[in-house]
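Enquirer: First the structure, then my questions, so here it is.
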Amino acid sequence: MTTIAIPRRLERVAQRPDVSWLAVRVWERNRDVFLNIWKAEAIWPFIEPLLTLVALGFGLGDFIELDRKESYIEFIGPGILAAYAMWMASAEGCWGGYFRIDQKTFDAMLATPVSIDDVTSGEVLWASTRSLISVSAIFLVVLVFGAIDSVLALLILPLALLPGVMFGAISLSYAAIAKSVSSLNYFFAVFITPQFWLAGAFFPLDELPGWVNVLAWFTPAFHVVELYRGLTTGHPEWIDLAHVAWILAVSAVFYALAIVLMRRRLVK
Amino acid sequence: MGAMIVARDLVKRYGELTAVDGISFTVEAGECFGFLGPNGAGKTTTIRMITCVSPVTDGSLMVDGMHVQVNPRQIKSVLGVVPQDDNLDPELSVRQNLRAYARYFGLSGRAAEERIDEALELMSLTERQKEKIDALSGGLKRRLTIARGLLNTPRILVLDEPTTGLDPAARHLVWQRLRLLRSQGVTMLLTTHYMEEAAQLCDRVVVIDHGKIIAEGTPQDLVREHAGQDVIEVHATPDERPEVMAQLASLHGVTIEEVEDIVYVYLRGDNGIDPAALEVGAEKLVHRRANLEDVFLRLTGRGLEE
Numbered sequence: 001m002t003t004i005a006i007p008r009r010l011e012r013v014a015q016r017p018d019v020s021w022l023a024v025r026v027w028e029r030n031r032d033v034f035l036n037i038w039k040a041e042a043i044w045p046f047i048e049p050l051l052t053l054v055a056l057g058f059g060l061g062d063f064i065e066l067d068r069k070e071s072y073i074e075f076i077g078p079g080i081l082a083a084y085a086m087w088m089a090s091a092e093g094c095w096g097g098y099f100r101i102d103q104k105t106f107d108a109m110l111a112t113p114v115s116i117d118d119v120t121s122g123e124v125l126w127a128s129t130r131s132l133i134s135v136s137a138i139f140l141v142v143l144v145f146g147a148i149d150s151v152l153a154l155l156i157l158p159l160a161l162l163p164g165v166m167f168g169a170i171s172l173s174y175a176a177i178a179k180s181v182s183s184l185n186y187f188f189a190v191f192i193t194p195q196f197w198l199a200g201a202f203f204p205l206d207e208l209p210g211w212v213n214v215l216a217w218f219t220p221a222f223h224v225v226e227l228y229r230g231l232t233t234g235h236p237e238w239i240d241l242a243h244v245a246w247i248l249a250v251s252a253v254f255y256a257l258a259i260v261l262m263r264r265r266l267v268k
Numbered sequence: 001m002g003a004m005i006v007a008r009d010l011v012k013r014y015g016e017l018t019a020v021d022g023i024s025f026t027v028e029a030g031e032c033f034g035f036l037g038p039n040g041a042g043k044t045t046t047i048r049m050i051t052c053v054s055p056v057t058d059g060s061l062m063v064d065g066m067h068v069q070v071n072p073r074q075i076k077s078v079l080g081v082v083p084q085d086d087n088l089d090p091e092l093s094v095r096q097n098l099r100a101y102a103r104y105f106g107l108s109g110r111a112a113e114e115r116i117d118e119a120l121e122l123m124s125l126t127e128r129q130k131e132k133i134d135a136l137s138g139g140l141k142r143r144l145t146i147a148r149g150l151l152n153t154p155r156i157l158v159l160d161e162p163t164t165g166l167d168p169a170a171r172h173l174v175w176q177r178l179r180l181l182r183s184q185g186v187t188m189l190l191t192t193h194y195m196e197e198a199a200q201l202c203d204r205v206v207v208i209d210h211g212k213i214i215a216e217g218t219p220q221d222l223v224r225e226h227a228g229q230d231v232i233e234v235h236a237t238p239d240e241r242p243e244v245m246a247q248l249a250s251l252h253g254v255t256i257e258e259v260e261d262i263v264y265v266y267l268r269g270d271n272g273i274d275p276a277a278l279e280v281g282a283e284k285l286v287h288r289r290a291n292l293e294d295v296f297l298r299l300t301g302r303g304l305e306e
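From first to last, the protein sequence lines stand for chains A and B.
Take 1 as the starting number for the first sequence in my numbering and just add one per residue.
Take 1 as the starting number for the second sequence in my numbering and just add one per residue.
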């Protein structure tokens, strides 16, 4: 029998994921930190979307007339929910992940039975949880402003976990290759902020040229916005299943990528 | 009982650099085993392979009867690791640090809280358990790191330079606690470049330099073999130096080493020279017992190479 020599680097990268229930212990560490500081942190998920809703919904909304019968604030309600689901999961995966790499939190975990893949999985799980916490808070705000028209909108709460996993995995992948804190800003400037404004959260994309709509299909946030909008208005469509499928597929790809990149970053 | 760590021809390469170059050693159950060596000798790299966080390039490495490549999780569950760098969690309090760490071993609830109380007590940290990590001094942080390493009641405690950067009082306290653990039968592996630390704690040591083991034995044996019994440090001015060297050359059975402004004379104790009566015409003579530091410096060189 002949054996083919595989370079060790590749061999390591190609290893099967080694995930155990200890991923939950990694998640619990982040939960403990959050519970230490939540009073200081929890105000932002309320204030920012509140400002956005007031400024855009009422201020700008007065000048806006939509084709459909809905008010502008009803239009941007689901958009804001989707945008902040993205924002919170990305901030946690990118900034949180980077700082925890940098302050050797993961190195300490790896001296215990916790594996690198447990760390990656626990982190993605936590980013997803942050997304759920934020969306739940903003949901109350949006509800108070009358931007929710259907009981179906309650489905947005469990569905906050999906973009949480997707953006958590994408941003943790970036944190794993980031060389410095300042390079994290690029990630937000180039990838997150444009999606925040241009993925259909604040204006209907069909107002724009066709090629923008094609481009939007490739951005993760667009699918979350569309999915949420169907639920707040109470008119989900079959194509929403395609949005869910899109989100699941991209989540799977980036989770696998995060596993590989975190191994590269943490193995010495 | 038996061998807890067995390394055979262990190699670690980073690209072109060979950090560990084919070392073999065995750590027996219940002993304190020391890795001595200058910075960059390969001590920490070896520790990383033993603790399953750095893949072995070549050779074999067994810990508690298991292969590091095959059973990393099981091996890590019986190890207590005290790393060289402070990696305590700055976002959690002292007790929260221990609680989170205990959970990584699957310990939680009452059992975990009891272990945490014991570890805090042992390291005299009970009073500080609510504090933030940033509020702790270097010595307290190190004690907390050791307490953390004891939570899973490890079979082997691995300490990478446990007292580097500590003041003398903090260092002695750490030594005292480590001796206590050793007396309780905990197997210990430690790296250090403090020779006094090795002499205080270790039953056996290996000296590592450039990734290779260059000497092995008990601290006493190494001192006898490589430095003898007594050392005389001769501080001679450049004017005195030729005369001093001529006189020293007439002595038999001694080893003489010139380093910068000092001449070291190593006496084996069986060559009939009375160190107290030695006259060599230098401004200053210091007579002392040979120690592990002499062994270290003789074997690894006194240069400042890194």
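The beta-carbon is built from N, C-alpha and C at its ideal position, and this holds for glycine as well.
If you're wondering where the values come from, they're calculated on a predicted model, not measured in any experiment.
Can you tell me whether THR2/A is buried or exposed, with buried defined as 16 or more other CB within 10 angstroms of its CB?
Expert: The predicted model places THR2/A with a pLDDT of 45, which falls under 50 and marks its position as unreliable; any figure quoted below should be read in that light. The residue is exposed, with fewer than 16 neighbouring Cβ atoms inside 10 Å.
Enquirer: Using a Cβ-Cβ cutoff of less than 8 Å, which residues in the same chain neighbour LEU166/B once the five nearest sequence positions on both sides are dropped?
Expert: GLY138, GLY139, ARG142 and VAL174
Enquirer: Could you give the distance in angstroms between the alpha-carbon of TYR84/A and the alpha-carbon of ILE146/B?
Expert: 41 Å
Enquirer: So LEU222/B packs on VAL295/B, CB below 8 Å; how close in whole Å?
Expert: 5 Å
Enquirer: Which residues does DSSP pair with GLU258/B in a beta bridge?
Expert: VAL263/B
Enquirer: Expressed to the nearest angstrom, what Euclidean distance is found between the alpha-carbon atoms of SER93/B and ALA82/A?
Expert: 34 Å
Enquirer: In whole angstroms, what is the alpha-carbon distance linking ALA153/A and GLU28/A?
Expert: 29 Å
Enquirer: Would VAL142/A pass as a contact of ILE80/A if the rule is Cβ separation under 8 Å?
Expert: Result yes, Cβ atoms of VAL142/A and ILE80/A sit closer than 8 Å.
Enquirer: For the beta strand (DSSP E) containing SER24/B, name the first residue and the last one.
Expert: Per DSSP, SER24/B belongs to the beta strand (DSSP E) from 17-28.
Enquirer: Bridge partners for CYS32/B per DSSP, in chain order?
Expert: MET188/B
Enquirer: Would you identify the three-state DSSP class for TYR194/B, choosing helix, strand or coil?
Expert: coil
Enquirer: Which ranges would you report for the beta strand (DSSP E) in the segment 120-163 of chain B if only whole runs of at least 3 residues count?
Expert: 156-160, all fully within the segment 120-163 of chain B.
Enquirer: Should VAL207/B and THR300/B be called a contact, given that it needs their Cβ atoms to be closer than 8 Å?
Expert: Taking 8 Å as the Cβ cut-off, VAL207/B and THR300/B qualify as a contacting pair.
Enquirer: Compute the Euclidean distance between the alpha carbons of ILE213/B and THR45/B, then round it to the nearest angstrom.
Expert: So the alpha carbons of these two residues sit roughly 14 Å apart.
Enquirer: Quick check: is the beta carbon of ILE6/A nearer than 8 Å to any beta carbon in chain B?
Expert: With a pLDDT of only 49 at ILE6/A, under the threshold of 50, the placement of this residue in the model should not be trusted; the figure read from the coordinates follows. Taking Cβ atoms only, chain B never reaches closer than 8 Å to ILE6/A, which makes this a no.
Enquirer: First and last residue of the beta strand (DSSP E) that includes GLU233/B?
Expert: 230-235
Enquirer: Less than 8 Å between the C-beta atoms of ARG31/A and GLU92/A, yes or no?
Expert: no
Enquirer: Could you check which residue in VAL68/B, HIS210/B, VAL244/B and GLY228/B has the C-alpha nearest to that of HIS235/B?
Expert: Shortest Cα-Cα distance from HIS235/B to any of VAL68/B, HIS210/B, VAL244/B and GLY228/B involves VAL244/B.
Enquirer: In whole angstroms, what is the alpha-carbon distance linking LEU304/B and ARG268/B?
Expert: Bear in mind that a pLDDT of 44 at LEU304/B, under 50, signals an unreliable position, so the number given afterwards is only what the model happens to contain. Each residue's Cα considered, the two are about 28 Å apart.
Enquirer: Looking at ARG155/B: is its Cβ nearer than 8 Å to the Cβ of VAL82/B?
Expert: no
Enquirer: What whole-angstrom Cβ distance do LEU10/B and GLY40/B have, given they're in contact under 8 Å?
Expert: Not a contact, Cβ separation roughly 17 Å.
Enquirer: Could you tell me if TRP87/A is buried or exposed, where buried requires 16 or more neighbouring beta carbons within 10 angstroms of its beta carbon?
Expert: buried
Enquirer: Under 8 Å, Cβ to Cβ, is there at least one residue of chain B near LEU159/A?
Expert: no
Enquirer: Please report the residue range of the alpha helix (DSSP H) in which ALA102/B lies.
Expert: For ALA102/B, the uninterrupted alpha helix (DSSP H) segment begins and ends at 94-104.
Enquirer: Which residues share a DSSP beta bridge with HIS287/B?
Expert: Paired residues: ILE232/B.
Enquirer: How long is the line joining the alpha carbons of ILE6/A and ASP230/B, rounded to whole angstroms?
Expert: Bear in mind that the predicted position of ILE6/A carries a pLDDT of just 49, short of 50, making it unreliable; the figure below should be weighed with that in mind. When the Cα atoms are used, ILE6/A and ASP230/B turn out to be separated by approximately 55 Å.
Enquirer: Figure out for me which residue from SER24/B, GLY34/B, VAL27/B and THR57/B has the closest Cα to the Cα of GLU16/B.
Expert: THR57/B
Enquirer: Name, please, each residue of chain B whose Cβ falls closer than 8 Å to the Cβ of VAL135/A.
Expert: The contacting residues do not exist; VAL135/A stays about 24 Å from chain B at best.
Enquirer: Please classify SER183/A: does DSSP put it in a helix, a strand, or coil?
Expert: helix
Enquirer: Any idea if ARG263/A is buried or exposed, counting beta-carbon neighbours within 10 angstroms, 16 or more meaning buried?
Expert: buried
Enquirer: Using a Cβ-Cβ cut-off of less than 8 Å, give me the residues of the segment 153-179 of chain A that come near chain B, in sequence order.
Expert: none
Enquirer: Taking Cβ-Cβ distances shorter than 8 Å, what residues in chain A pair up with TYR194/B?
Expert: In chain order: nothing, as chain A lies at least about 23 Å away.
Enquirer: Within 8 Å of any Cβ in chain A, is that where the Cβ of ASP85/B sits?
Expert: Any Cβ of chain A closer than 8 Å to the Cβ of ASP85/B would place that residue at the interface, and such an atom is present.
Enquirer: Pick out whichever of GLU28/B, ASP86/B, ASP203/B and GLY42/B has its Cα sitting closest to the Cα of ASP134/B.
Expert: Of GLU28/B, ASP86/B, ASP203/B and GLY42/B, the residue nearest in Cα terms is ASP86/B.
Enquirer: Of all Cβ atoms in chain A, is any one closer than 8 Å to the Cβ of TYR318/B?
Expert: A question about residue 318/B goes unanswered here, because the residues of chain B that appear run from 1 up to 306.
Enquirer: Within this structure, are the beta carbons of LEU88/B and ASN97/B separated by less than 8 Å?
Expert: Yes, these two residues count as a Cβ contact at 8 Å.
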